[in-house]
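Protein chains in written order, with this note's numbering: chain B, 1 to 121; chain U, 122 to 863.
A quick write-up on the structure given underneath.
This is how it looks when you write it as structure tokens:
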């Protein structure tokens with residue numbers, strides 16, 4: 001069953017969260033809260049879709065790293081999708097691309113089978 | 122030698138321009154071609170030669186591995202033995218520092234014995250032998266052997282290590298020092314012998330081209346460092362006034378920059394003096410007061426007094442006579458006027474030309490100082506020789522400065538445009554250039570909104586060869602009494618052939634007034650150029666008109682029918698930018714890239730998401746310049762980081778961040794300045810990376826992101842704040858390199 005809301009979509013045990021146009025401290029914290037609430041509700045797969053995101057600043061990056069930590073601590077899985085080139089560059093510079101699966105589209109991310117290790121597209 | 126200063130270059134906030142010169146030296150130094158072309162960098166006092174060389178050293182030390190940079194600054198004192206030891210020590214320790222990536226060897230005072238030990242400890246026995254040889258030579262009192270050993274050490278290192286040494290030699294003209302301690306010409310002789318080797322290359326700075334006389338260095342490229350151009354120097358003044366909190370008027374700063382010949386030391390001294398004494402730079406009188414105060418009692422006067430080193434009152438008399446003469450004076454006239462004997466005259470002229478104050482050529486003595494030195498000479502002559510009081514002379518000079526400043530305000534455009542044109546013509550050196558830059562009508566039809574539209578037939582986008590100009594002058598003396606704008610005459614040769622058939626004369630008219638060149642101006646120019654032509658027996662004549670405000674339609678028609686070239690300041694700017702260095706000239710050949718230098722300033726208030734305004738601005742500017750989407754995205758992200766950093770480290774919550782965007786032919790440079798205390802040093806150095814193998818650290822990514830996304834990132838402290846400089850190079854759209862891979 002698929003439930004779609006303004007900024008997230010629930011698909012079985014997975015949730016796709018659509019991030020804002022600019023990820024700074026405020027938007028990053030919103031994302032963090034949203035992820036925490038889904039983990040609390042028992043969702044084990046989180047996909048953050050960045051299709052609408054033009055910029056992620058360094059504070060946004062640090063919050064995203066915190067989110068990844070929390071998801072892993074909860075034995076869940078997190079992946080990113082729809083990254084624009086500049087955001088991919090940013091994640092690559094900080095080394096996040098080695099630690100997280102990145103997909104072209106949210107569908108690819110949701111349909112991806114659980115894999116160990118790092119895969120990027 | 123002040124090695125502490127070798128790594129600590131002048132902050133970017135106080136160092137303007139010279140980017141193309143530094144780039145050009147770096148490209149040659151680290152080119153794959155061996156040996157790399159050697160360069161002589163010459164220019165007047167305090168034009169920034171030492172800083173250029175230090176920046177070259179800094180860049181080569183940290184940014185490449187093709188050659189080993191070694192910096193040495195010659196001094197005008199010391200014995201041959203002292204010099205040999207100092208030189209050898211610097212060569213060996215800087216080699217060690219580079220190979221072991223240990224800058225402290227350069228910074229610290231370290232004895233030759235210690236260096237020898239370090240070389241042995243690191244299995245560099247061949248190099249340790251060089252140090253041992255020096256020790257033996259000194260022990261046996263053989264100064265000549267010590268000198269030879271030291272001067273040839275770079276060559277020996279190059280051969281032993283296989284990595285070429287790149288010598289960066291500052292104040293090379295001081296190698297000729299012939300003092301009472303008997304250094305004589307020995308050092309200069311050995312220096313020439315060592316630099317003539319084909320195994321390694323060098324860049325050397327000197328105050329005049331004299332070093333090149335006689336072709337002792339064989340093939341060497343000469344690079345002239347003049348004062349900063351008007352735009353750069355006024356921009357430097359504006360920035361400095363902002364940093365030091367000096368209340369100033371932009372027009373007045375432009376005048377000051379012009380009056381001080383764009384000399385960075387004079388410009389800085391004036392602003393420092395204003396800041397120190399709490400004076401403003403808002404009116405002509407403010408400038409005149411400050412200038413005379415600096416010249417008589419301030420930093421400029423102190424520096425000039427030390428640098429000129431006048432030995433006698435006769436030196437001063439000759440200097441005063443030369444500085445006041447409109448044309449070169451003959452040495453015979455000077456001898457007769459001051460009743461000097463020939464040996465006395467020779468000694469005085471040697472001393473003055475050695476200090477770069479006059480140029481002596483076949484008995485003709487020409488003033489070589491700038492207008493500030495001229496004012497200083499006037500001051501000391503009037504007080505010491507004529508016995509006038511300081512206050513009296515100061516009043517007179519202040520009055521003159523005010524009068525000149527008033528004239529300048531009326532005719533500022535003419536002087537700068539003529540000088541600009543003159544500088545451009547002098548830099549013609551067989552480059553190829555687009556024809557359209559000399560055809561105003563064709564250019565204007567396709568140059569819209571700061572971009573040049575390439576024509577379908579590309580006829581106007583063809584190139585032609587510029588001559589190699591060997592000399593130029595204005596026609597003031599030839600045309601006394603003639604009405605009309607000044608005319609510049611330049612002699613040169615076409616296609617690198619020095620025969621009568623390839624000789625060419627360019628006659629250039631510069632209309633300075635704020636009205637377009639009209640038919641009358643063209644006819645006046647054609648008539649005058651016909652008369653002038655009689656003075657030259659050149660096979661070919663090229664006529665070029667430059668108009669501050671462009672050309673009327675009738676004038677264009679007449680010029681087309683007569684084959685006269687035409688350019689406006691936009692075209693002139695593009696020509697100038699491309700002629701600066703060889704690569705720049707080749708870039709100019711790409712018509713699609715014709716974009717003039719433009720500057721934009723944005724002030725960001727301390728507000729939520731204010732950095733997005735900066736991102737929006739860079740998107741607009743980048744798009745207009747032709748950056749692709751990827752590069753624009755990278756610049757936006759880097760600029761957002763710089764702005765956040767600026768706000769984070771501001772002194773107070775309401776502080777603002779100042780942005781300056783400078784777009785030029787091949788790059789966009791963004792200056793981000795705050796009024797804060799400092800950057801986060803650890804983050805800036807990039808040294809705080811987490812050691813753990815897990816997830817990346819959470820904080821402190823700002824500078825690394827900037828560095829990863831931009832082509833160049835520089836950080837510096839400036840008084841009253843901090844500055845980040847971001848540079849992105851423009852690569853042709855669609856060639857896949859615009860927006861580099863991260």
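Beta carbons are placed, not taken as given, at the ideal position from N, Cα and C, and that holds for glycine.
- [ ] Establish whether the CB of residue 813 (chain U) and some CB of chain B are separated by less than 8 Å.
- [x] To locate residue 813 (chain U), count along the second chain from 1; it is residue 692. In this predicted model, residue 813 (chain U) has a pLDDT of only 44, less than 50, meaning its place in the structure is not dependable; the value taken from the coordinates is given anyway. Judged by the 8 Å Cβ criterion, residue 813 (chain U) is not in contact with chain B.
Task: Boundaries of the alpha helix (DSSP H) in which residue 407 (chain U) is found, first to last residue - done: Taking the first residue of the second chain as position 1, residue 407 (chain U) is located at position 286. Here the alpha helix (DSSP H) through residue 407 (chain U) covers 405 to 418.
Task: residue 879 (chain U): first and last residue of the uninterrupted beta strand (DSSP E) it sits in - done: There is simply no residue 879 (chain U) to check, as chain U begins at 122 and stops at 863 in what is shown.
Open item on the list: Measuring straight from C-alpha to C-alpha, what distance separates residue 846 (chain U) and residue 211 (chain U)?
Closed with: One-based indexing of the second chain puts residue 846 (chain U) at position 725. One-based indexing of the second chain puts residue 211 (chain U) at position 90. About 32 Å.
Open item on the list: Let's see if you can read the secondary structure: which residues bound the alpha helix (DSSP H) around residue 393 (chain U)?
Closed with: Working through the second chain from its first residue, we reach residue 393 (chain U) at position 272. Residues 385 to 398.
TODO: Taking C-beta pairs closer than 7 Å, name the residues in chain B that residue 817 (chain U) reaches, listed in chain order.
DONE: Looking up residue 817 (chain U) in the second chain gives position 696. The contacting residues are 65, 94, 95 and 96.
Task: Cβ of residue 58 (chain B) within 8 Å of any chain U Cβ - done: As a working mapping, residue 58 (chain B) is identified with position 58 in the first chain. So, interface residue.
TODO: Quickly, what does DSSP pair residue 847 (chain U) with across the bridge? List them, please.
DONE: As a working mapping, residue 847 (chain U) is identified with position 726 in the second chain. In the DSSP assignment, the residues bridged to residue 847 (chain U) are U:791 and U:834.
Open item on the list: Are the CB atoms of residue 8 (chain B) and residue 50 (chain B) within a distance shorter than 8 Å?
Closed with: What you label residue 50 (chain B) is simply residue 50 of the first chain in a count that begins at 1. What you label residue 8 (chain B) is simply residue 8 of the first chain in a count that begins at 1. Not a contact, by the Cβ cut-off of 8 Å.
Open item on the list: Can you confirm whether the stretch 206 to 224 of chain U touches the stretch 240 to 252 of chain U when touching is taken to mean that 3 or more C-beta pairs between the two stretches lie within less than 8 Å?
Closed with: yes
Open item on the list: Quick test of your reading: residue 187 (chain U) and residue 151 (chain U), contact by CB under 8 Å. State the CB separation rounded to the nearest angstrom.
Closed with: Indexing the second chain from 1 puts residue 187 (chain U) at position 66. Indexing the second chain from 1 puts residue 151 (chain U) at position 30. Confirmed, Cβ separation roughly 5 Å.
TODO: To the nearest angstrom, report how far apart residue 820 (chain U) and residue 736 (chain U) are at their CA atoms.
DONE: The residue given as residue 820 (chain U) occupies position 699 in the second chain. The residue given as residue 736 (chain U) occupies position 615 in the second chain. When rounded, the distance between both Cα atoms is 22 Å.
Task: DSSP three-state assignment for residue 485 (chain U), whether helix, strand or coil - done: Reading the second chain from its first residue, position 364 is the one you call residue 485 (chain U). It is a strand residue.
- [ ] Tell me whether residue 367 (chain U) sits in a helix, a strand or coil according to DSSP, three-state version.
- [x] As a position in the second chain, residue 367 (chain U) is number 246, starting the count at 1. Three-state DSSP puts residue 367 (chain U) in coil, outside helix and strand.
Open item on the list: So that I know if they touch, is there some Cβ in chain U lying closer than 8 Å to that of residue 78 (chain B)?
Closed with: Counted from its first residue, the first chain places residue 78 (chain B) at position 78. Not an interface residue.
Open item on the list: One question on the structure: do residue 288 (chain U) and residue 177 (chain U) come within less than 8 Å of each other, judged by their Cβ atoms?
Closed with: Translated into positions along the second chain, residue 288 (chain U) becomes position 167. Translated into positions along the second chain, residue 177 (chain U) becomes position 56. Cβ distance not < 8 Å, so residue 288 (chain U) and residue 177 (chain U) don't count as in contact.
Open item on the list: One question on the structure: do residue 291 (chain U) and residue 171 (chain U) come within less than 8 Å of each other, judged by their Cβ atoms?
Closed with: As a working mapping, residue 291 (chain U) is identified with position 170 in the second chain. As a working mapping, residue 171 (chain U) is identified with position 50 in the second chain. Yes, these two residues count as a Cβ contact at 8 Å.
TODO: Note down, in chain order, every chain U residue with its Cβ under 8 Å from the Cβ of residue 49 (chain B).
DONE: Locating residue 49 (chain B) in the first chain gives position 49, where the first residue counts as 1. Correct list: empty, because the minimum Cβ distance to chain U is about 18 Å.
Open item on the list: On the DSSP letters alone, give me the boundaries of the alpha helix (DSSP H) that residue 476 (chain U) sits inside.
Closed with: As a first step, residue 476 (chain U) must be located in the second chain, where it is residue number 355. Per DSSP, residue 476 (chain U) belongs to no alpha helix (DSSP H) and is neither H nor E.
TODO: With DSSP collapsed to three states, give me the class of residue 778 (chain U).
DONE: To locate residue 778 (chain U), count along the second chain from 1; it is residue 657. Reduced to three states, the DSSP call for residue 778 (chain U) is strand.
Open item on the list: At the level of alpha carbons, what is the spacing between residue 534 (chain U) and residue 690 (chain U)?
Closed with: Locating residue 534 (chain U) in the second chain gives position 413, counting from the first residue. Locating residue 690 (chain U) in the second chain gives position 569, counting from the first residue. Any reading at residue 534 (chain U) needs caution, since the residue's pLDDT is 41, under 50, leaving its predicted position unreliable; the model's value is listed next. Residue 534 (chain U) and residue 690 (chain U) have their C-alpha atoms roughly 11 Å apart.
Task: Amino acids of chain U, ordered along the chain, whose beta-carbon sits closer than 7 Å to that of residue 55 (chain B) - done: Counting from one through the first chain, the residue named residue 55 (chain B) turns up at place 55. Here the neighbours are 736, 757, 758 and 761.
TODO: Decide yes or no for the touch test of the stretch 351 to 364 of chain U against the stretch 313 to 324 of chain U: beta carbon pairs closer than 8 Å, at least 3 of them.
DONE: no
- [ ] Per DSSP, which residues does residue 589 (chain U) bridge with? Please list them.
- [x] For this step, residue 589 (chain U) is matched to residue 468 along the second chain. In the DSSP output, where bridge partners are listed per residue, residue 589 (chain U) has U:550 and U:614.
Open item on the list: Please confirm whether residue 109 (chain B) has its beta-carbon closer than 8 Å to some beta-carbon of chain U.
Closed with: Locating residue 109 (chain B) in the first chain gives position 109, counting from the first residue. No, because no Cβ of chain U sits closer than 8 Å to the Cβ of residue 109 (chain B).
Task: C-beta contact flag for residue 637 (chain U) and residue 668 (chain U) at 8 Å - done: What you label residue 637 (chain U) is simply residue 516 of the second chain in a count that begins at 1. What you label residue 668 (chain U) is simply residue 547 of the second chain in a count that begins at 1. Yes.
- [ ] Using a threshold of 8 Å, state whether the C-beta atoms of residue 46 (chain B) and residue 35 (chain B) are closer than that.
- [x] Within the first chain, the letter at position 46 stands for residue 46 (chain B). Within the first chain, the letter at position 35 stands for residue 35 (chain B). Yes. Within cutoff.
Open item on the list: Give me, in chain order, the residues of the same chain whose beta-carbon lies closer than 7 Å to that of residue 762 (chain U); leave out the 5 immediate sequence neighbours on both sides.
Closed with: As a working note, residue 762 (chain U) is residue 641 in the second chain. Answer for residue 762 (chain U): 823, 826 and 827, listed in chain order.
Task: Beta carbon proximity, residue 89 (chain B) to chain U, threshold 8 Å - done: Within the first chain, residue 89 (chain B) is the residue found at index 89, counting from 1. Answer yes: the Cβ-Cβ gap between residue 89 (chain B) and chain U drops below 8 Å somewhere.
Open item on the list: Below 8 Å on the Cβ atoms is my contact criterion, and I expect residue 661 (chain U) with residue 686 (chain U) to pass it. Report the Cβ-Cβ distance as a whole number of Å.
Closed with: Taking the second chain and counting its residues from 1, the one referred to as residue 661 (chain U) is at position 540. Taking the second chain and counting its residues from 1, the one referred to as residue 686 (chain U) is at position 565. Not quite, the Cβ-Cβ distance comes to about 13 Å (not below 8 Å), so this is no contact.
TODO: Please report the residue range of the alpha helix (DSSP H) in which residue 343 (chain U) lies.
DONE: As a position in the second chain, residue 343 (chain U) is number 222, starting the count at 1. Looking at the DSSP string, residue 343 (chain U) is not in any alpha helix (DSSP H); the run it does join, the beta strand (DSSP E), is 342 to 345.
Open item on the list: Which runs of the alpha helix (DSSP H) at least 4 residues long sit entirely within the stretch 169 to 211 of chain U? Give them in chain order.
Closed with: Taking only runs of at least 4 residues, the alpha helix (DSSP H) segments lying wholly in the stretch 169 to 211 of chain U are 170 to 184.
- [ ] Quick one: grab the DSSP three-state call for residue 685 (chain U).
- [x] Along the second chain, one-based indexing puts residue 685 (chain U) at 564. Three-state DSSP puts residue 685 (chain U) in coil, outside helix and strand.
Task: Counted within 10 angstroms of its Cβ, other Cβ atoms place residue 695 (chain U) as buried (16 or more) or exposed - done: Here the question's residue 695 (chain U) lines up with position 574 in the second chain. With 16 or more Cβ atoms within 10 Å of its Cβ, residue 695 (chain U) is classed as buried.
Task: Exposure of residue 364 (chain U), with buried meaning 16 or more beta-carbon neighbours within 10 Å - done: For the purposes of this step, residue 364 (chain U) is taken as the residue at position 243 of the second chain. Answer is buried; the Cβ neighbour count reaches 16.
- [ ] Could you tell me whether any non-hydrogen atom of the ligand NAD is closer than 7 Å to the CB of residue 347 (chain U)?
- [x] Here there are no bound small molecules, and the ligand NAD is not part of this structure.
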